[in-house]
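In what follows, a single structure is set out as structure tokens and then discussed.
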Amino acid sequence: MIRINLIEAKKKKKPKPLPVPVVLAVLLTLFTVIGVVYIHYSLTDEIGALKSKKTENDNRLRVLNKKIKELKNYEKLVKSVEKKKKVIIGLRKNQALPVRVLDEISRLLPDTVWLTSLRYTGKRVSIDAMAFTNSDIVTYINNLKRSPLFVNVYLSESVEKFVKEAGMAKGIRVYKFKATIGIRG
């Protein structure tokens with residue numbers, strides 16, 4: 001026997017194709033969300049890297065500032081030592097000259113002349129002295145003028161004076177004089 005099926009077969013409905021603009025909108029939204037998420041994570045990583053680099057640079061800057069401060073202190077110390085060195089060199093250089101001047105003044109001093117005062121200022125010496133005679137004064141001044149250490153020897157004053165000591169009936173005649181002497185070099 002033959003069977004005939006008169007019932008219609010159920011037809012599957014064909015799904016309607018999605019409209020192209022909707023598909024494009026969904027794809028565009030999906031790509032946009034993916035792009036935004038990617039950019040967000042990459043910027044977050046970059047911000048983290050920049051923050052760590054900033055922290056590292058800040059630490060390095062602190063270390064360098066400490067070194068700069070130490071260097072400035074060292075430079076101050078070097079300047080201080082240089083200044084002290086110059087003072088010491090100047091003192092040594094100037095130390096020998098007063099000794100030579102005093103030695104020369106005393107070496108040239110005749111036995112009949114004695115100093116009462118000596119003032120040493122820069123390149124000039126002023127002396128106050130006494131002698132028994134004017135010729136003793138002249139001898140001393142000429143000795144000073146012949147010395148290679150002195151220049152511009154000038155007798156500024158010579159005064160006759162009588163000096164009395166206790167128990168003496170008559171005073172001793174002496175000549176009080178002042179002279180200025182320039183130092184060569």
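Residue numbers are given in our numbering: position 170 of the sequence shown equals residue 170, and the series is strictly consecutive.
Note that the Cβ used here is the ideal one computed from N, Cα and C, for glycine as well.
- Secondary structure at PHE177: strand, using DSSP grouped into helix, strand and coil.
- For ILE127, the uninterrupted beta strand (DSSP E) segment begins and ends at 124–131.
- By the 16-neighbour rule on beta-carbons within 10 angstroms, VAL101 is buried.
- When the five nearest sequence neighbours on each side are left out, the beta carbons in the same chain lying within less than 7 angstroms of the beta carbon of PHE132 are those of THR112 and VAL174, in order along the chain.
- For THR112, the secondary structure class from DSSP, reduced to helix, strand or coil, is coil.
- Beta-carbon to beta-carbon, THR139 and PRO110 are separated by about 6 angstroms, close enough to satisfy the 8 angstroms threshold.
- Rounded to whole angstroms, the Cβ separation of SER147 and LEU118 is 15 angstroms, and the two are not in contact under 8 angstroms.
- CA-CA distance, ARG92 to PHE162, rounds to 43 angstroms.
- Annotation: GLU8 is outside any alpha helix (DSSP H) and is labelled neither H nor E by DSSP.
- Per DSSP, the continuous alpha helix (DSSP H) segment holding SER42 begins and ends at 20–107.
- Around the CB of ASP45, fewer than 16 other CB atoms lie within 10 Å, so the residue is classed as exposed.
- Under the three-state reduction of DSSP, ILE183 is assigned to strand.
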